[in-house]
Amino acid sequence: RLGCGECRVQCFPACQASHSMDCKEECDNDESRCKECRTPVIEKCKAVCTGSCDCSAEADKSCNSECSYNTCSYCAYSRDKSCKNDCDNYCNSNCWGP
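This note's numbering applies: residue -16 is where the sequence shown begins, and numbers increase by one.
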């Protein structure tokens, strides 16, 4: 039997890997929402720019909420929390020591 610490060290990344696609849709949607906001802002900025303009920074400001990746982050957070619980349950029943 594995030590409990070692069990968790092995279990968590394996769990994350097996669920790596769980948030793909949410993250892809967040990414396209961000791009849809940024692209026109950058194009407009470049069109009116006469000197050295930081159009990317302009887009960062304008698209702050569209590019927050909240749905993606929350999905990943929930997935990691679920893996932690699953690994705790599995390891507590199948390991020895601290």
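Every residue, glycine too, gets a C-beta built ideally from N, C-alpha and C.
On the CB-based measure, 16 or more other CB atoms within 10 Å of its CB, does A(-3) come out buried or exposed?
The residue you call residue -3 lines up with position 14 of the sequence shown. Around the Cβ of A(-3), a 10 Å sphere holds fewer than 16 other Cβ atoms; the residue is exposed.
Assuming the contact rule is C-beta atoms closer than 8 Å, C58 and C6 should be a hit. Round their C-beta distance to whole Å, please.
Taking the first residue of the sequence shown as 1, we reach residue 58 at position 75. Taking the first residue of the sequence shown as 1, we reach residue 6 at position 23. Right, the Cβ-Cβ distance comes to about 4 Å (below 8 Å), so this counts as a contact.
Which listed residue (C10, C36, D43) has its alpha carbon closest to that of S22:
The residue given as residue 22 occupies position 39 in the sequence shown. This sequence places Thr at residue 22; Ser is not what is there. Closest by alpha carbon: D43.
To the nearest angstrom, report how far apart N77 and C(-10) are at their CA atoms.
Reading the sequence shown from its first residue, position 94 is the one you call residue 77. Reading the sequence shown from its first residue, position 7 is the one you call residue -10. Using only the alpha carbons, I get a separation of about 8 Å.
With 16 other Cβ atoms within 10 Å as the buried cut-off, status of D11:
Here residue 11 is taken as the residue at index 28 of the sequence shown, counted from 1. Looking at its Cβ environment, which holds fewer than 16 other Cβ atoms inside 10 Å, D11 is exposed.
Sequence-distant residues of the same chain with beta carbon closer than 6 Å to N68, five excluded per side:
Taking the sequence shown and counting its residues from 1, one reaches residue 68 at position 85. Within the same chain, N68 has no close Cβ partners at all.
Return the first residue and the last residue of the alpha helix (DSSP H) that T22 is part of.
Your numbering for residue 22 matches position 39 in the sequence shown. It spans 7 to 31 - the alpha helix (DSSP H) in which T22 sits, taken as one unbroken run.
Please return the same chain residues whose Cβ sits closer than 7 Å to the Cβ of S35, not counting the five positions on each side in sequence.
Working through the sequence shown from its first residue, we reach residue 35 at position 52. No residues qualify anywhere along the chain.
Could you round the C-beta distance between C55 and D13 to whole angstroms and report it? I think they count as a contact, below 8 Å.
What you label residue 55 is simply residue 72 of the sequence shown in a count that begins at 1. What you label residue 13 is simply residue 30 of the sequence shown in a count that begins at 1. That belief holds up - the Cβ atoms of C55 and D13 are roughly 4 Å apart, short of 8 Å.
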